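K.L.:
Chains as they are written, first to last, in our numbering: chain R, 1 to 319; chain D, 1 to 284; chain Z, 1 to 348.
#1: Report the residue ranges of all alpha helix (DSSP H) runs contained in full by the segment 272-318 of chain Z; include only those spanning at least 4 residues, in chain order.
#2: With 8 Å set as the bound, which would you pick, yes or no: does the beta-carbon of residue 159(Z) sit closer than that to a beta-carbon of chain R?
#3: Check whether the segment 223-240 of chain R and the segment 128-148 of chain R touch, using three or more Cβ-Cβ pairs below 8 Å as the test.
#4: For residue 189(R), which of 37(R), 79(R), 100(R) and 284(R) has the nearest alpha-carbon?
#5: Going by Cα to Cα distance, which pick from 295(Z), 327(Z) and 116(Z) is closest to residue 140(Z)?
#6: Should residue 153(R) be labelled buried (16 or more other beta-carbon atoms within 10 Å of its own) or exposed?
#7: State the Cα-Cα distance for the pair residue 23(R) and residue 150(D), rounded to the nearest angstrom.
#8: Would you decide whether residue 245(D) is buried or exposed? Buried here means 16 or more other CB atoms lie within 10 Å of its CB.
#9: Below 8 Å between beta carbons: does that hold for residue 217(Z) and residue 123(Z)?
#10: Which residues in chain R sit within 8 Å of residue 198(Z), going by Cβ to Cβ distance?
#11: Looking at residue 210(D): is its Cβ nearer than 8 Å to the Cβ of residue 111(D)?
#12: Quick check on residue 228(D) - is its C-beta less than 8 Å from some C-beta in chain Z?
#13: Does residue 243(D) have its Cβ less than 8 Å from a Cβ in chain Z?
#14: Pick out whichever of 157(Z), 47(Z) and 314(Z) has its Cα sitting closest to the Cα of residue 247(Z).
#15: Taking Cβ-Cβ distances below 7 Å as the criterion, which residues of the segment 60-76 of chain Z are in contact with chain R?
#16: Looking at C-alpha atoms only, which residue of 347(Z), 292(Z) and 28(Z) is the closest neighbour of residue 341(Z)?
#17: Can the beta-carbon of residue 286(R) be found less than 8 Å from the beta-carbon of residue 270(R)?
#18: If distances are taken between C-alpha atoms only, which option among 35(Z), 231(Z), 31(Z) and 149(Z) comes closest to residue 75(Z)?
#19: Are residue 201(D) and residue 77(D) touching if we call contact CB-CB under 8 Å?
#20: With a threshold of 7 Å on Cβ separation, who are the neighbours of residue 260(Z) within its own chain once the five nearest residues in sequence on each side are excluded?
#21: Which chain D residues sit within Cβ distance under 9 Å of residue 170(R)?
#22: Return no unless some Cβ of chain D is closer than 8 Å to the Cβ of residue 315(Z).
#23: For my contact list, residue 351(Z) and residue 195(Z) are in at a C-beta cut-off of 8 Å; report their separation, rounded to the angstrom.
#24: For chain Z, is any of its Cβ atoms less than 8 Å away from the one on residue 217(R)?
#25: Please identify, using Cβ separations under 8 Å, the residues of the segment 183-203 of chain D that lie next to chain R, in order along the chain.
#26: Could you check whether residue 193(R) and residue 120(R) sit closer than 8 Å to each other, using their CB atoms as the reference points?
#27: Closer than 6 Å by C-beta to residue 269(D): which residues in its own chain qualify, once you throw out the five before and the five after it? Chain order, please.
#28: For chain D, find out if any of its Cβ atoms is closer than 8 Å to the Cβ of residue 293(R); answer yes or no.
#29: Please check if any C-beta of chain Z sits within less than 8 Å of the C-beta of residue 210(D).
#30: List the residues of chain R that residue 113(D) touches, going by C-beta distances under 7 Å, in chain order.
#31: What three-state label does DSSP hand residue 43(R) in the structure shown?
#32: Against chain R, does residue 186(Z) count as a neighbour if the rule is that its beta carbon must be under 8 Å from one of theirs?
#33: Report yes if the C-beta distance between residue 81(Z) and residue 67(Z) is below 8 Å; otherwise report no.
#34: Do residue 175(R) and residue 88(R) have their CB atoms nearer than 8 Å?
#35: Using the three-state DSSP reduction, which class does residue 153(R) fall into: helix, strand or coil?
#36: At what residues does the alpha helix (DSSP H) containing residue 265(Z) begin and finish?
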């Protein structure tokens, strides 16, 4: 009995080649997409880069009428809002991860974990409108006047909190961003903490350490790489976030020392101005902003992924 | 004893803070959902699903936006997920740990977290400018590019979860990898791949930035793929920032619809995944 | 494939093929948010009448100019008229469609619509950051009977390229030399202080949301949303409220017949009843369009709007164009918009 008919085998081989080519093609397409994004950004940004040179990154001016553009205000806004977001979200995320891994009764672990992850699923535009209609008025009426009144006149810190309470501005954008990246940081940290071998923790407890001491002195050092990786992933998200920020940033191409002032970020500048940019230099400057954002987020995310991969490969076992 | 008491105090303090952090996180989720529900339900009515977006101060619904979002999401998934699934198959079956695969995995993870506005700019440059106008197909392409990394990652992970024994048995019977993949692996990883699709849909249906300069928006009902098409996120963007109460109500209702859809998709994906894990038990 | 899968695929294919079949052609336009309330109202009525829709993207005058130059729309709309040289260079024809007024609106506790009185110099000072609180003596002097709180002033301006912005900054430049030299007049200027918002809609929204805000919007927005607009002192020294009459008074002295390319700015006009920040909103089409059929449809819509849309315009306090001007515009259509020597517009 001929189990393998030579014609049949030949056809099977052809199918194999086709299938393999298709999968390989799809995989290469992924590479091409990233390459395409990079190339088209550079091409689009070229007129602006060649016209302004390096000064594009150091100037604050943004005048579509005289065709003078500088990326300093958007870069400043992007960085400052992301820093505020991280300052708020990292401790909170750490706290949530700590709670979920150590304190939480097993029955509640699942629902709370799911709830925190659902926060990550909420689309960013929802955060934007919530920020504008709910958070901003609260900040304008209560929090910001409190900040101005109590912190506005301390010598160094004071200049951060000067100015009229608009409700929207850099601080508000930072807070909204913090809520947005919180679930990512909390989830990554929790996953990392879960990989710490029970034996290590038990050894700590066996020596009489408290929960916090085990956390701080055993779990955290062990998951160092994962924690930093998770933080940087959160940072990458915060840097690139558009919709949540656009609603509450105030759209002012100005750098101000006060956190209560309106500002702009790279992504919200592009979102607001792109469809109306008249003139090649204006459009090109916006694409140049996009290129800057791409470079910044690529670096941060790549570094984060590298760290998290190292952790995965280590399998979480102690070195 | 004093030192011990101090340590205990510190412990209690930090654990308390972690409880506060968790409650704050949950409170934020609660506040957002509460706002969505209260404003969104107020704007809900049957009109939403039967009438088009109205001019300012007029009465209307979200039908064209819902249709547009549905069409572009569907197209985006139809274009993006086969690419993601095939590429994931390559990484799991053929490439494995080769140099190329490592690079592709890495690039994929970067694309997964990349700002979606950059993807919008990219599609603007290569599609909108070439075509000379905004279009639903450009929007769908932008969404497809966003869907690829999600489906690729899930497919690869799910395929890797299939017990090696099954692959080996198939190979022992003389099947080529393509045959094994199609007849054995895909069916076995079926629920996982579906999860990936659900997650991808959840991801792209909420995206606004990539649609801002690809599909733009349309006041009326349009079924042309070649023209700007209304879509829910951009409509919400426009309506929420307007001063008209009718428009703002519609924006909240639309926001509620999107969030509920995405939450249902995310929860379904999660449920399927946990069923899958329960099925597997400890078999790995 | 199993049955359910097959059905899904068939359904998807059907939906897609339906989507690909062309529907009735809509007229496409983009630009100014200034006239958007009335354009939207007209579009709705026109669609009910003829089944042809107007897909107007209200993205700001700057966006309208960009889109028409990029030929991605059939017509562009701008409140800042292009100069005759720019029109010539781009091959565009410009004509006025509707007249309206830009009004300052405020969000100050206790101040009702039409209660506050400001003048150009004060508004200029506010936007330059020289006046920062609502109980400033200069504002108090103009409003002796109004109880003004000491709230900080939050100026709201247009963050996008805007004809409304042009009209507002043009007026402020005319009444304040300091404003003219430091900020100037254009669709987009460098405001030294305040919050930016997109479109007339965004400014209206932001002003309503922020306590102590002042903004500038087209009158229809202030009216529709019951915002607290202010009175202004006009060139003749009289305090005047925004309304169709005051816009009409400002437009009454306009000499359209001698305006090359219909380039005419109506801010700070003489006349006791004139509203100081009046302006016309313009339409831009190509003189020799690539798609004459689309332009013809658009012109048919505009002709209908001139005639049957006047009452709707009046409801929103826009000022329809005087008949003599409409006749002049139609003559321009007939003579200037041609393809291969043949005029595109053949109606009356």
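Glycine included, C-beta positions come from ideal geometry on N, C-alpha and C. Please read all numbers here as calculations on a predicted model, not as lab measurements.
P.N.:
By the coordinates alone:
#1: 292-308 and 310-315
#2: Residue mapping note: residue 159(Z) aligns to position 159 of the third chain, counting from 1. For residue 159(Z), the answer is yes, since a Cβ of chain R falls inside 8 Å of its Cβ.
#3: no
#4: Position 189 of the first chain holds residue 189(R). Nearest of 37(R), 79(R), 100(R) and 284(R) to residue 189(R), Cα basis: 100(R).
#5: Looking up residue 140(Z) in the third chain gives position 140. Among 295(Z), 327(Z) and 116(Z), the Cα nearest to that of residue 140(Z) is on 116(Z).
#6: Locating residue 153(R) in the first chain gives position 153, where the first residue counts as 1. Residue 153(R) is exposed by the Cβ-count criterion.
#7: For the purposes of this step, residue 23(R) is taken as residue 23 along the first chain, with counting starting at 1. For the purposes of this step, residue 150(D) is taken as residue 150 along the second chain, with counting starting at 1. Cα to Cα, the separation comes out at about 16 Å.
#8: By 1-based counting over the second chain, the position of residue 245(D) is 245. Looking at its Cβ environment, which holds fewer than 16 other Cβ atoms inside 10 Å, residue 245(D) is exposed.
#9: Translated into positions along the third chain, residue 217(Z) becomes position 217. Translated into positions along the third chain, residue 123(Z) becomes position 123. No, the pair does not count as a contact, with Cβ atoms beyond the cut-off.
#10: Along the third chain, read from residue 1 onward, the residue named residue 198(Z) stands at position 198. Result: 251 and 272.
#11: Within the second chain, the letter at position 210 stands for residue 210(D). Within the second chain, the letter at position 111 stands for residue 111(D). Their beta carbons are not under 8 Å apart, which means residue 210(D) does not touch residue 111(D) by this criterion.
#12: Taking the second chain and counting its residues from 1, the one referred to as residue 228(D) is at position 228. Yes, its Cβ sits closer than 8 Å to a Cβ of chain Z.
#13: The residue labelled residue 243(D) in the question sits at position 243 within the second chain. Closer than 8 Å to some Cβ of chain Z, the Cβ of residue 243(D) qualifies, so yes.
#14: On the third chain, position 247 is the one that residue 247(Z) refers to. Checked all of 157(Z), 47(Z) and 314(Z); the closest Cα to residue 247(Z) is 314(Z).
#15: 60, 62, 63, 65 and 66
#16: Here residue 341(Z) refers to the residue found at position 341 when the third chain is read from its first residue. Taking only the C-alpha atoms, the option nearest residue 341(Z) is 292(Z).
#17: As a position in the first chain, residue 286(R) is number 286, starting the count at 1. As a position in the first chain, residue 270(R) is number 270, starting the count at 1. A contact, by the Cβ cut-off of 8 Å.
#18: On the third chain, residue 75(Z) is found 75 positions in, with the first residue counted as 1. Answer by Cα proximity: 31(Z).
#19: Your numbering for residue 201(D) matches position 201 in the second chain. Your numbering for residue 77(D) matches position 77 in the second chain. Yes, Cβ-Cβ distance for residue 201(D) and residue 77(D) is below 8 Å.
#20: For the purposes of this step, residue 260(Z) is identified with residue 260 of the third chain, where counting begins at 1. The answer, listed in chain order, is 84.
#21: Numbered from its first residue, the first chain carries residue 170(R) at position 170. Neighbours of residue 170(R) on chain D: none; closest Cβ ~19 Å, over 9 Å.
#22: To locate residue 315(Z), count along the third chain from 1; it is residue 315. Cβ-Cβ to chain D under 8 Å: no for residue 315(Z).
#23: Since the displayed chain Z opens at 1 and closes at 348, residue 351(Z) lies outside it and no answer follows.
#24: The residue given as residue 217(R) occupies position 217 in the first chain. Residue 217(R) does not count as touching chain Z.
#25: 202
#26: To locate residue 120(R), count along the first chain from 1; it is residue 120. To locate residue 193(R), count along the first chain from 1; it is residue 193. No, the Cβ-Cβ distance between residue 120(R) and residue 193(R) is not below 8 Å.
#27: Taking the second chain and counting its residues from 1, one reaches residue 269(D) at position 269. Cβ within range, chain order: 195, 198 and 199.
#28: Locating residue 293(R) in the first chain gives position 293, where the first residue counts as 1. Answer yes: the Cβ-Cβ gap between residue 293(R) and chain D drops below 8 Å somewhere.
#29: One-based indexing of the second chain puts residue 210(D) at position 210. Taking Cβ atoms only, chain Z never reaches closer than 8 Å to residue 210(D), which makes this a no.
#30: Here residue 113(D) corresponds to residue number 113 of the second chain, with the count starting at 1. Chain R residues near residue 113(D): 233, 236, 237 and 301.
#31: Locating residue 43(R) in the first chain gives position 43, counting from the first residue. In this structure, residue 43(R) counts as helix in the three-state DSSP scheme.
#32: For the purposes of this step, residue 186(Z) is identified with residue 186 of the third chain, where counting begins at 1. Yes, its Cβ sits closer than 8 Å to a Cβ of chain R.
#33: Indexing the third chain from 1 puts residue 81(Z) at position 81. Indexing the third chain from 1 puts residue 67(Z) at position 67. Not a contact, by the Cβ cut-off of 8 Å.
#34: Along the first chain, read from residue 1 onward, the residue named residue 175(R) stands at position 175. Along the first chain, read from residue 1 onward, the residue named residue 88(R) stands at position 88. Cβ distance < 8 Å, so residue 175(R) and residue 88(R) count as in contact.
#35: Position 153 of the first chain, counted from the start, is the residue given in the question as residue 153(R). Three-state DSSP puts residue 153(R) in coil, outside helix and strand.
#36: Translated into positions along the third chain, residue 265(Z) becomes position 265. Where residue 265(Z) is concerned, there is no enclosing alpha helix (DSSP H), given that its DSSP letter is neither H nor E.
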